[in-house]
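J.: Quick one: this structure, given as structure tokens, is what I'll be asking you about.
Numbering (the UniProt record's numbering), first residue to last: 1 to 366.
The structure is reproduced here in structure tokens:
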């Protein structure tokens with residue numbers, strides 16, 4: 001049994017706002033339509049903010065999927081905020097506002113929760129349980145790398161560093177890619193099946209999402225050198241009861257990877273070659289494991305550094321700390337910080353902070 005999750009966020013750090021219409025046309029509509037036509041069940045993790053700007057055509061597709069039992073809508077942070085960087089009041093505000101959007105637009109109250117960037121800390125499950133959630137998605141690699149809790153003493157090393165170097169264009173790209181494929185295949189030995197119970201402030205069941213599995217699927221579907229859908233399926237054939245794909249919908253049909261494109265057809269070729277039954281993530285069995293997960297994300301080093309160390313990010317995090325209301329949601333959007341954010345995305349957050357402080361009409365708040 002395998003499961004599928006699609007993540008949608010139209011505040012994407014590296015996609016211009018002027019491209020939103022093309023993202024919907026090239027990725028959202030064809031991907032959702034193809035999966036529903038083939039009656040492939042999947043979880044849809046889409047931010048409340050994104051839902052509110054989606055056209056009626058896409059909302060109708062999602063509702064059709066919900067009514068037919070093919071789509072399992074997850075909760076998340078309303079504006080894709082990195083939750084461990086927020087106060088608990090703001091964490092709860094993000095969670096509640098997202099649920100409101102889904103109840104209003106889709107008439108569903110999600111039970112599964114997907115933290116943006118799989119950024120997690122051990123208090124999050126308690127807040128989720130307080131707000132009606134029974135399961136949370138987590139980064140599988142971070143789970144197996146949580147044996148040591150202080151990264152200042154023992155930093156987490158990426159599992160496939162050469163592949164990351166190849167992606168960044170560092171050194172000899174071809175050699176790094178070859179070494180990286182070997183590292184990636186080896187890392188699949190760490191993948192375990194099924195859900196786990198997290199030891200946390202309040203225990204909660206968790207569904208691992210495996211970045212290495214995602215990467216194999218994407219390399220195969222994109223027909224990268226030495227990879228294709230059948231080879232990707234061969235690498236993954238011994239893995240059962242896992243989320244086979246649990247990342248951005250924008251990578252299918254819209255956004256290429258290092259010049260290689262994934263189509264809906266090539267994406268589904270991996271599933272067809274694997275030949276496993278597809279179920280909703282909530283239907284995956286429990287592994288019987290109970291594990292502690294450190295404060296982490298699905299970044300290569302499992303840290304939150306991408307969203308806090310840069311001077312601009314640090315300034316945004318400091319300035320947005322005491323905000324409330326609509327402007328706070330825009331200021332907290334992680335894609336203003338992002339992996340490689342566009343200036344317009346970053347300015348959206350700075351502008352929201354300024355307007356919250358000064359007032360939209362230029363008059364200071366009393």
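The beta carbon of each residue, even a glycine, is placed where N, CA and C say it ideally should be. Quick caveat, the model's predicted, so the values are computed rather than measured.
Tell me which residue opens and which closes the beta strand (DSSP E) that residue 246 is part of.
T.: For this step, residue 246 is matched to residue 246 along the chain shown. 242–248 is the extent of the beta strand (DSSP E) around residue 246.
J.: Thinking C-alpha only, which one of 16, 238, 174, 292 is nearest residue 258?
T.: Start at 1 with the first residue of the chain shown, and residue 258 comes out as number 258. It is 174 whose Cα lies nearest to the Cα of residue 258.
J.: Since I believe residue 163 is in contact with residue 140 (beta carbons under 8 Å), could you give me their beta-carbon distance rounded to a whole number of angstroms?
T.: On the chain shown, position 140 is the one that residue 140 refers to. On the chain shown, position 163 is the one that residue 163 refers to. Actually they are not in contact, since the Cβ atoms of residue 140 and residue 163 sit about 17 Å apart, beyond 8 Å.
J.: In whole angstroms, give me the CA-to-CA distance for residue 65 and residue 36.
T.: For the purposes of this step, residue 65 is taken as residue 65 along the chain shown, with counting starting at 1. For the purposes of this step, residue 36 is taken as residue 36 along the chain shown, with counting starting at 1. Computed Cα separation, rounded: 7 Å.
J.: Note the first and the last residue of the continuous alpha helix (DSSP H) segment covering residue 176.
T.: As a working mapping, residue 176 is identified with position 176 in the chain shown. Unbroken alpha helix (DSSP H) run through residue 176: 173–187.
J.: With 16 other CB atoms within 10 Å as the buried threshold, where does residue 7 fall?
T.: Position 7 of the chain shown holds residue 7. Result: buried.
J.: Quick one: Cα of residue 347 to Cα of residue 314, how far?
T.: The residue labelled residue 347 in the question sits at position 347 within the chain shown. The residue labelled residue 314 in the question sits at position 314 within the chain shown. Going from the Cα of residue 347 to the Cα of residue 314 covers about 14 Å.
J.: Please confirm whether any heavy atom of the ligand SAH lies closer than 7 Å to the CB of residue 150.
T.: This structure lacks the ligand SAH; in fact it carries no ligand of any kind.
J.: Is the beta carbon of residue 41 sitting closer than 8 Å to the one on residue 358?
T.: Position 41 of the chain shown, counted from the start, is the residue given in the question as residue 41. Position 358 of the chain shown, counted from the start, is the residue given in the question as residue 358. In this structure, residue 358 does not lie closer than 8 Å to residue 41 by Cβ.
J.: Thinking just about the alpha-carbon of each residue, which of 270, 248, 288, 306 is nearest to the one in residue 32?
T.: Numbered from its first residue, the chain shown carries residue 32 at position 32. Out of 270, 248, 288, 306, 248 has the C-alpha closest to the C-alpha of residue 32.
J.: Residue 41 bridges to which residues according to DSSP?
T.: Here residue 41 is taken as the residue at index 41 of the chain shown, counted from 1. Residue 41 pairs with nothing; no bridge assigned.
J.: Which stretch, first to last residue, makes up the beta strand (DSSP E) that contains residue 90?
T.: Along the chain shown, read from residue 1 onward, the residue named residue 90 stands at position 90. Note, residue 90: premise wrong, no beta strand (DSSP E); alpha helix (DSSP H) at 88–105.
J.: Output the distance between the C-alpha atoms of residue 30 and residue 10, rounded to the nearest integer angstrom.
T.: As a first step, residue 30 must be located in the chain shown, where it is residue number 30. As a first step, residue 10 must be located in the chain shown, where it is residue number 10. Looking at the two C-alpha atoms, the distance is approximately 16 Å.
J.: Could you have a look at residue 197 and say whether DSSP puts it in helix, strand or coil?
T.: Here residue 197 refers to the residue found at position 197 of the chain shown. Reduced to three states, the DSSP call for residue 197 is strand.
J.: Rounded to whole angstroms, how far is the Cβ of residue 75 from the Cβ of residue 28, which I believe are closer than 8 Å?
T.: As a working note, residue 75 is residue 75 in the chain shown. As a working note, residue 28 is residue 28 in the chain shown. That pair is no contact at about 19 Å.
J.: Could you tell me if residue 272 is buried or exposed, where buried requires 16 or more neighbouring beta carbons within 10 angstroms of its beta carbon?
T.: Here residue 272 is taken as the residue at index 272 of the chain shown, counted from 1. The residue is exposed, with fewer than 16 neighbouring Cβ atoms inside 10 Å.
J.: Could you tell me which residues DSSP puts in a beta bridge with residue 342?
T.: One-based indexing of the chain shown puts residue 342 at position 342. BP columns for residue 342 are empty, so no partner.
J.: Ignore the nearest five residues each way along the sequence and tell me which others in residue 312's own chain have a CB closer than 7 Å to its CB.
T.: Indexing the chain shown from 1 puts residue 312 at position 312. Cβ neighbours of residue 312 beyond the five flanking positions: 346.
J.: Can you give me the Cβ contacts of residue 284 inside the same chain, cut-off strictly under 6 Å, excluding the 5 residues immediately before and after it?
T.: By 1-based counting over the chain shown, the position of residue 284 is 284. Excluding positions up to five away in sequence, the list reads 3, 194, 195, 241.
J.: Considering only C-alpha positions, which residue in the set 72, 12, 116 is nearest to residue 39?
T.: Position 39 of the chain shown, counted from the first residue, corresponds to residue 39. Looking at the Cα atoms, 72 is the closest of the given residues.
J.: Just to confirm before moving on: does the CB-CB distance between residue 293 and residue 146 stay below 8 Å?
T.: The residue you call residue 293 lines up with position 293 of the chain shown. The residue you call residue 146 lines up with position 146 of the chain shown. Yes. Within cutoff.
J.: Between the Cα of residue 202 and the Cα atoms of 244, 123, 253, 236, which residue gives the shortest distance?
T.: Taking the first residue of the chain shown as 1, we reach residue 202 at position 202. Cα-wise, what sits closest to residue 202 is 123.
J.: Give me whichever residues DSSP pairs with residue 292 in a beta bridge.
T.: Against the chain shown, residue 292 aligns to sequence position 292. Bridge partners of residue 292: 199.
J.: Looking only at C-alpha atoms, which of 252, 250, 236 sits nearest to residue 276?
T.: What you label residue 276 is simply residue 276 of the chain shown in a count that begins at 1. Closest by alpha carbon: 236.
J.: Nearest-angstrom Cα distance between residue 309 and residue 102?
T.: Translated into the one-based positions of the chain shown, residue 309 becomes position 309. Translated into the one-based positions of the chain shown, residue 102 becomes position 102. Their Cα atoms are separated by approximately 33 Å.
J.: Does residue 2 come out as helix, strand or coil in the three-state DSSP assignment?
T.: Here residue 2 corresponds to residue number 2 of the chain shown, with the count starting at 1. Note: residue 2 maps to strand in three-state DSSP.
J.: Which same chain residues, not among the five before or five after residue 330, have their C-beta less than 7 Å away from its C-beta?
T.: Counting from one through the chain shown, the residue named residue 330 turns up at place 330. The residues are 79, 348, 349, 352.
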